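Residue numbers (my numbering): 12 to 345.
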């Protein structure tokens with residue numbers, strides 16, 4: 012009886028893994044269930060401890076603030092980063108990285124590490140920055156952090172990373188770079204330009220760049236992508252809105268720019284935004300568009316093989332890459 016039960020259970024498990032498309036896809040699909048065994052209340056409880064009512068200090072619908080699985084800070088940010096150089100890094104030229112340059116200092120953050128940590132609190136060119144990456148969205152946002160640090164809340168909004176400020180526990184929607192619940196709701200973060208490119212292309216342009224090292228103090232396999240086929244298939248793990256507006260493959264890569272205004276509509280963005288599909292820009296070379304009351308230019312950078320968005324005078328506008336499904340869920344696509 013026992014052996015038969017174990018065999019039957021094993022067959023069911025094998026069937027679920029096969030249906031999911033492999034072990035990694037299986038773990039990803041059912042990862043949110045781990046939240047059943049972990050505290051998923053700390054994020055809002057920490058806000059309530061400040062005599063704040065989350066329901067009265069929110070930009071978003073709290074019912075859409077979903078549990079991602081890990082509790083607050085269980086995905087550990089890197090707060091004391093160590094760096095390699097081009098000669099000592101173990102990553103190959105094909106490794107995707109987030110590249111940042113501030114006051115002449117260049118740094119690269121391999122996605123092999125960012126997939127597991129999502130946030131690095133660092134100092135670049137004398138400026139305290141937080142570098143963030145959401146593996147579920149492919150979104151990249153780098154911003155000035157002042158004297159605080161940011162962590163991973165464990166919550167998701169529209170399937171994307173929700174960060175928290177460790178000084179006051181305000182929750183921030185990463186694709187908006189905007190406070191959405193807590194003391195600093197509706198506060199925008201001061202973004203700096205960051206690009207996604209390969210390590211080889213980045214080092215061609217910035218040979219003296221520092222490269223985030225695998226010496227993080229955590230035991231992770233930084234050379235294994237932990238999300239199965241997620242970055243290429245059509246499946247989404249968490250529900251997102253407005254997908255009927257999507258005209259691209261959900262995981263096609265776009266870059267987008269955005270500027271908020273002073274309005275604070277509930278559960279939506281207010282301001283201007285524009286997206287640029289990478290495949291389109293790669294063919295066109297460049298494209299000019301109206302952005303509010305001015306004209307801006309997006310171009311395919313042949314050195315870094317990515318999209319760069321600029322003012323007409325050449326000043327770079329902070330942008331983010333994203334899987335295509337992200338843009339209509341956060342911005343008005345028309």
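The beta carbon of each residue, even a glycine, is placed where N, CA and C say it ideally should be.
Since the structure is predicted, the reported quantities are computational estimates derived from the model, not experimental observations.
Terminal residues of the alpha helix (DSSP H) in which residue i lies
i, result
"residue 59", "53-59"
"residue 338", "337-341"
"residue 211", "210-216"
"residue 294", "289-295"
Cβ-Cβ distance between residue i and residue j below 9 Å
i, j, result
"residue 213", "residue 271", "no"
"residue 108", "residue 140", "no"
"residue 111", "residue 205", "yes"
"residue 316", "residue 138", "no"
"residue 54", "residue 182", "yes"
"residue 264", "residue 289", "yes"
"residue 223", "residue 86", "no"
"residue 310", "residue 196", "no"
"residue 144", "residue 126", "yes"
"residue 172", "residue 241", "no"
"residue 82", "residue 51", "yes"
"residue 193", "residue 58", "yes"
"residue 335", "residue 260", "yes"
"residue 116", "residue 136", "yes"
"residue 301", "residue 287", "no"
"residue 318", "residue 324", "no"
Spatially closest choice to residue i from the options, by CA coordinates
i, options, result
"residue 200", "211, 176, 291", "176"
"residue 103", "65, 136, 122, 244", "122"
"residue 174", "78, 334, 300", "78"
"residue 322", "274, 305, 250", "305"
"residue 231", "88, 215, 258", "88"
"residue 97", "59, 210, 65", "210"
"residue 314", "301, 303, 293", "293"
"residue 203", "59, 243, 66, 331", "331"
"residue 303", "285, 105, 56, 296", "285"
"residue 254", "326, 169, 291", "169"
"residue 84", "250, 128, 66", "128"
"residue 178", "160, 184, 185", "160"
"residue 276", "56, 64, 68", "68"
"residue 218", "246, 296, 295, 99", "99"
"residue 65", "274, 245, 180, 142", "180"
Contact set for residue i: own chain, Cβ-Cβ below 6 Å, skip 5 residues either direction
i, result
"residue 252", "340"
"residue 343", "none"
"residue 198", "190"
"residue 221", "94, 118"
"residue 25", "With a pLDDT of 49 at residue 25, under the threshold of 50, the predicted position of this residue should be treated as unreliable, though the coordinate-derived value follows. Nothing listed; no residue qualifies."
"residue 21", "Here residue 21 scores only 47 on pLDDT, less than 50, and its place in the model is too uncertain to base an answer on."
"residue 215", "none"
"residue 291", "none"
"residue 149", "332, 333, 334"
"residue 266", "287, 318, 330, 332"
"residue 246", "none"
Range of the contiguous beta strand (DSSP E) that encloses residue i
i, result
"residue 10", "Only positions 12 to 345 of the chain appear in the structure, and residue 10 is not among them; the question remains open."
"residue 116", "116-121"
"residue 148", "Run containing residue 148: none; DSSP gives neither H nor E here."
"residue 161", "161-168"
"residue 90", "Element bounds for residue 90: n/a, residue is neither H nor E."
"residue 322", "317-322"
"residue 109", "107-113"
"residue 266", "264-271"
"residue 133", "130-135"
"residue 306", "305-312"
"residue 222", "221-223"
"residue 332", "331-334"
"residue 184", "182-184"
Test: residue i CB closer than 9 Å to a CB of chain D
i, result
"residue 258", "Protein chains in the displayed structure number just one, and chain D is not present."
Cutoff 7 Å; reference residue i; Cβ partners in own chain excluding five residues on either side
i, result
"residue 328", "268, 307, 320, 321, 322"
"residue 226", "93"
"residue 257", "335, 336, 339"
"residue 243", "262"
Close Cβ partners of residue i (< 8 Å) along its chain, the five nearest in sequence each way excluded
i, result
"residue 75", "168, 169, 278"
"residue 295", "311"
May I ask you to verify whether the stretch 157-176 touches the stretch 274-283, counting CB pairs closer than 8 Å and requiring at least 3? By the Cβ criterion, the stretch 157-176 is not in contact with the stretch 274-283, since fewer than three pairs of Cβ atoms, one from each stretch, lie closer than 8 Å.
Okay, do the stretch 152-160 and the stretch 222-239 touch, 3+ Cβ pairs below 8 Å being the bar? Result no; under three Cβ-Cβ pairs closer than 8 Å.
Decide if the stretch 131-150 is in contact with the stretch 88-108; the criterion is three or more beta carbon pairs, one per stretch, under 8 Å apart. In this structure the stretch 131-150 lies against the stretch 88-108, because at least three pairs of beta carbons, one per stretch, are closer than 8 Å.
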